[in-house]
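**Q**
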Amino acid sequence: MKPALWGVLPLTLATLAASAIPVSAERLVTSLSEYQVKIASNFVGQNLVLFGGIEADGAGQAQRSGYDIVATVTGPAQSLITFRKRRALGIWVNAEAREFEDAPAYLAFLSNRPLTAIVNHETLLRLQLGLENYPLPERSQTGSSEDSDEPFRVALIRLRREQGLYREESNAVTFLTPRLFRAFVPLPADVPVGNYLVDVRLFADGAQIARAAAPFEVAKEGVEQIVTSAAREHGVLYGLAVVTMALLTGWFASIVFRRD
Amino acid sequence: MQIYLPIADQPVNILLILAMGLAVGFISGMFGIGGGFLMTPLLIFLGISPAVSVASVTGHIAASSMSGAISYWRRRTIDLALALMLLAGGIIGTAVGVWLFTFLRKVGQLDITIGVAYVLLLTVVGALMVAESLRAILRAQKGKPVELRRPGSHLWIHGLPIKLRFKRSRIYVSVIPVWSIGFIIGFFGALMGIGGGFLLVPMLIYLLRVPTATVIGTSMVLTLLTMASATVMHAATNHLVDAVLALILMIGGVAGAQFGARAGQKMRGERLRLLLGLLVLAVGIRFALTLVLPPENIYSIRVLGGEG
Numbered sequence: 000m001k002p003a004l005w006g007v008l009p010l011t012l013a014t015l016a017a018s019a020i021p022v023s024a025e026r027l028v029t030s031l032s033e034y035q036v037k038i039a040s041n042f043v044g045q046n047l048v049l050f051g052g053i054e055a056d057g058a059g060q061a062q063r064s065g066y067d068i069v070a071t072v073t074g075p076a077q078s079l080i081t082f083r084k085r086r087a088l089g090i091w092v093n094a095e096a097r098e099f100e101d102a103p104a105y106l107a108f109l110s111n112r113p114l115t116a117i118v119n120h121e122t123l124l125r126l127q128l129g130l131e132n133y134p135l136p137e138r139s140q141t142g143s144s145e146d147s148d149e150p151f152r153v154a155l156i157r158l159r160r161e162q163g164l165y166r167e168e169s170n171a172v173t174f175l176t177p178r179l180f181r182a183f184v185p186l187p188a189d190v191p192v193g194n195y196l197v198d199v200r201l202f203a204d205g206a207q208i209a210r211a212a213a214p215f216e217v218a219k220e221g222v223e224q225i226v227t228s229a230a231r232e233h234g235v236l237y238g239l240a241v242v243t244m245a246l247l248t249g250w251f252a253s254i255v256f257r258r259d
Numbered sequence: 000m001q002i003y004l005p006i007a008d009q010p011v012n013i014l015l016i017l018a019m020g021l022a023v024g025f026i027s028g029m030f031g032i033g034g035g036f037l038m039t040p041l042l043i044f045l046g047i048s049p050a051v052s053v054a055s056v057t058g059h060i061a062a063s064s065m066s067g068a069i070s071y072w073r074r075r076t077i078d079l080a081l082a083l084m085l086l087a088g089g090i091i092g093t094a095v096g097v098w099l100f101t102f103l104r105k106v107g108q109l110d111i112t113i114g115v116a117y118v119l120l121l122t123v124v125g126a127l128m129v130a131e132s133l134r135a136i137l138r139a140q141k142g143k144p145v146e147l148r149r150p151g152s153h154l155w156i157h158g159l160p161i162k163l164r165f166k167r168s169r170i171y172v173s174v175i176p177v178w179s180i181g182f183i184i185g186f187f188g189a190l191m192g193i194g195g196g197f198l199l200v201p202m203l204i205y206l207l208r209v210p211t212a213t214v215i216g217t218s219m220v221l222t223l224l225t226m227a228s229a230t231v232m233h234a235a236t237n238h239l240v241d242a243v244l245a246l247i248l249m250i251g252g253v254a255g256a257q258f259g260a261r262a263g264q265k266m267r268g269e270r271l272r273l274l275l276g277l278l279v280l281a282v283g284i285r286f287a288l289t290l291v292l293p294p295e296n297i298y299s300i301r302v303l304g305g306e307g
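Pasting the structure below:
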């Protein structure tokens, strides 16, 4: 079992214990189609498939009107800067900035129906479900500080949504049978590498009754991986290699196309 | 056909990049320039971050100037001594340019600086080239012989000390302007991802009086050496040189340059300069518009320590 899973386990127990509904009889079982997403030179994005089943645990089954699933997918934490342009001397320059610490590089909320239809607003806030309700801690600011930070936060979410890195999809989870569901985790072509976690919550009658998690990793592979690590770790050698490549290409061309 | 770029962290259409390399290579071969001032903006318009574009294009220019330099070497039209003297200033300029690039990236003002530098440099140089070539064309139409402009037979530059004789170019000049020109080319080259051929050739002709016979070959050697060192410096400090992107550009570029060179030989010199001037001016105006027009998005985000 991966460490990430252990981290979620006590949480799950705590949530279960705190739940207003009597300790439920349901257990959530999940599985991902892949635990490692490989970025090779032909990578153009990928859909991971999350499968899940709701198991009856023991004999005493509560009567449910229906189940809801909310899966939160978070990527590796990044520090992000949001810049705001302002007109200065007739041209548009980055005048103000806000730095957000530990913002996930990828963030998706996948559910079978709109989040607000599943649980009330307070619960969404408490469980940090939904792009609006997810905390994005801020570090510092430059430029004039009179303005509120809210526009920067909103812009950050909007821009990341446009890139397909932040998502909120209320039709991503499909129930195949009343107790069996499937969800697509859409990873765009420029998905950042790192460790990801899929945190799946089971709701019934407006309350969380079970939780499970599945980690996966996005990593570069083959040439992509070699080039990236060479560029990061051996900058000078890498630069010399690119120059050698340039000289050879130029020299080769002068031979191939020689006219005299 | 998509290929994933390892440093730019995004897939691009390999055929599109190859075609861009060919087109820019054609232009660079035709005018005897590196073509970086076209390639870098094209990559930026394509959605590749300015930082990765600038750093990767330096490798591409090194390749195209290498193939150019070899053919000029065979024709013995390179003033190696002059190129090396220019390089002395060029290396320092490149280092300062890379340093400024790194600094501006850190404070979030790199994109705007690249933009402003493009606007100023390209509109001014483009306008000068258009004006100069139009005058030459008009003069030719009036039937007057086309004379090489040699404004004021003695520029103040020629009064400077520490003079050196460059045999192949048959000039006797002070090393101070030579180093300064090298510095300027290296600096702008590293900062803006341009080889600077379109700047260097007029500077050598008008300021140093280098004869047209050796000017292009010498300029190519300097471009090759400064761009090669800029590639290594960018790779060592910012880790933003995308080898895959650079390789695709190089292949398209060197092939295109050969066809461009043949096309260029069929055209009259002043017509060629007019075309190049218009091209330079157009790119400058395009950059000016993006700076002056209200942006679609006044917000932008950047990952710290990741790609620019």
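As you go down the protein sequences, you meet chains A and B in turn. Numbering-wise, the first sequence is residues 0 to 259 according to numbering that gives the first Met the number 0. Numbering-wise, the second sequence is residues 0 to 307 according to numbering that gives the first Met the number 0. From the three backbone atoms N, C-alpha and C, an ideal C-beta is built for every residue, glycine too. All figures in this text were calculated on a predicted structure; none of them were measured in a lab.
At a cut of 8 Å, does the segment 225-240 of chain A reach the segment 237-248 of chain B through at least three beta carbon pairs?
**A** Short answer: they touch.
**Q** Classify A:Y237 as buried or exposed, calling it buried when 16 or more other Cβ atoms lie within 10 Å of its own Cβ.
**A** It is buried - the Cβ of A:Y237 has at least 16 other Cβ atoms within 10 Å.
**Q** If the cut is a Cβ gap below 7 Å, which residues of chain B does A:S253 touch?
**A** Within 7 Å Cβ-Cβ: S66, I69, S70.
**Q** Nearest-angstrom Cα distance between A:R152 and B:F102?
**A** Roughly 26 Å between the two C-alpha positions.
**Q** What residue range is occupied by the uninterrupted beta strand (DSSP E) comprising A:L196?
**A** That run of the beta strand (DSSP E) goes 193-203.
**Q** For A:D67, which beta-bridge partners are listed by DSSP?
**A** Per DSSP, A:F202.
**Q** Skipping 5 residues on each side, what residues in its chain have a beta carbon closer than 8 Å to that of B:I161?
**A** Cβ neighbours of B:I161 beyond the five flanking positions: S173, V174, I175.
**Q** Which whole-angstrom value describes the C-beta separation of B:A22 and B:G255, a residue pair presumed to lie in contact below a C-beta threshold of 8 Å?
**A** Yes, B:A22 and B:G255 are in contact; Cβ-Cβ is about 6 Å, under 8 Å.
**Q** Between which two residues does the beta strand (DSSP E) harbouring B:S343 extend?
**A** Because chain B is modelled from 0 through 307, residue 343 of chain B falls outside the range shown and cannot be assessed.
**Q** If the cut is a Cβ gap below 8 Å, which residues of chain B does A:A96 touch?
**A** Residues of chain B passing the Cβ test: G107.
**Q** Short check: CB of A:A55 to CB of A:A24, under 7 Å?
**A** Yes, the pair counts as a contact, with Cβ atoms nearer than the cut-off.
**Q** Could you name the residues of chain A that B:I111 contacts, counting a contact when the two beta carbons are closer than 7 Å?
**A** Ordered by position in chain A, the residues that pass the 7 Å Cβ test against B:I111 are V92, N93.
**Q** Quick check: the Cα distance between A:P21 and A:Y66, rounded to an integer number of angstroms?
**A** Annotation note: pLDDT 49 at A:P21 (below 50); position unreliable, coordinate value reported separately. Near 16 Å, if we compare the C-alpha coordinates of A:Y66 and A:P21.
**Q** Within 10 Å of its beta-carbon, does A:D101 have 16 or more other beta-carbons around it, so buried, or fewer, so exposed?
**A** A:D101 should be labelled exposed.
**Q** Taking buried to mean at least 16 other C-beta atoms within 10 Å of its own C-beta, is B:P293 buried or exposed?
**A** Under this definition B:P293 is an exposed residue.
**Q** Give the secondary structure of B:L15 by DSSP, where H, G and I count as helix, E and B as strand, and everything else as coil.
**A** In the structure shown, B:L15 sits in a helix (DSSP, three-state: H, G or I).
**Q** Using beta-carbon positions only, say whether A:L196 and A:A212 come within less than 7 Å of one another.
**A** Going by C-beta atoms, A:L196 is nearer than 7 Å to A:A212.
**Q** Can you give the Cα-Cα distance for B:S70 and B:P5, rounded to whole angstroms?
**A** For B:S70 and B:P5, the distance between alpha carbons rounds to 33 Å.
**Q** For B:G89 and B:L224, which I take to be in contact (beta-carbon distance under 8 Å), what is that distance rounded to the nearest angstrom?
**A** Yes, they are in contact, since the Cβ atoms of B:G89 and B:L224 sit about 7 Å apart, within 8 Å.
**Q** Taking only beta-carbon positions, decide if A:I156 is within less than 7 Å of chain B.
**A** No, A:I156 lies away from the interface with chain B (no Cβ there is under 7 Å from its Cβ).
**Q** Does the distance from the C-beta atom of B:R272 to that of B:M128 stay below 7 Å?
**A** Their beta carbons are under 7 Å apart, which means B:R272 touches B:M128 by this criterion.
**Q** Of all the CB atoms in chain B, is at least one closer than 7 Å to the CB of A:L186?
**A** No, A:L186 does not count as interfacial toward chain B.
**Q** Enumerated in chain order, which unbroken segments of the alpha helix (DSSP H) with a length of 4 residues or greater are wholly contained in the segment 195-238 of chain B?
**A** Whole alpha helix (DSSP H) segments, 4+ residues: 196-205, 211-236.
**Q** Taking DSSP's pairing of strands, which residues face A:Q77 in a bridge?
**A** Answer is A:A102, bridged to A:Q77.
**Q** Which chain A residues sit within Cβ distance under 8 Å of B:L273?
**A** Near B:L273 there are no residues of chain A at all, since even the closest Cβ is about 27 Å away, more than 8 Å.
**Q** Looking at chain A, is there any beta carbon in it that lies within less than 7 Å of the beta carbon of B:S218?
**A** Not closer than 7 Å to any Cβ of chain A, the Cβ of B:S218 fails to qualify, so no.
**Q** Considering only residues of the same chain and omitting the five flanking positions on each side of A:E168, which have a CB-CB separation below 6 Å?
**A** The answer, listed in chain order, is L109.
**Q** The segment 66-86 of chain A: which residues have C-beta closer than 7 Å to a C-beta of chain B, in chain order?
**A** So the close ones are Q77, S78, L79, I80, T81, F82, R83, K84.
**Q** Between which two residues does the alpha helix (DSSP H) carrying B:Y71 extend?
**A** From DSSP, the alpha helix (DSSP H) with B:Y71 extends over 49-73.
**Q** Are the CB atoms of A:V192 and A:V217 nearer to each other than 7 Å?
**A** Yes, Cβ-Cβ distance for A:V192 and A:V217 is below 7 Å.
**Q** For A:L236, write down the residues that DSSP places opposite it in a beta bridge.
**A** Answer by DSSP bridge pairing: none, since A:L236 is not bridged.
**Q** So which residues on chain A does B:Q257 lean against when the C-beta distance must stay under 7 Å?
**A** Simply A252, F256.
**Q** Across the segment 198-214 of chain B and the segment 6-13 of chain B, are there enough close Cβ pairs to call them in contact, namely three or more that are closer than 8 Å?
**A** Too few Cβ pairs lie closer than 8 Å, so no.
**Q** Could you have a look at A:S143 and say whether DSSP puts it in helix, strand or coil?
**A** Annotation note: pLDDT 49 at A:S143 (below 50); position unreliable, coordinate value reported separately. Coil, per DSSP.
**Q** Please check if any C-beta of chain A sits within less than 7 Å of the C-beta of B:S48.
**A** B:S48 does not count as touching chain A.
**Q** Could you tell me the distance, in whole angstroms, from the CA atom of B:V291 to the CA atom of B:A281?
**A** In a straight line, the C-alpha of B:V291 is about 15 Å away from that of B:A281.
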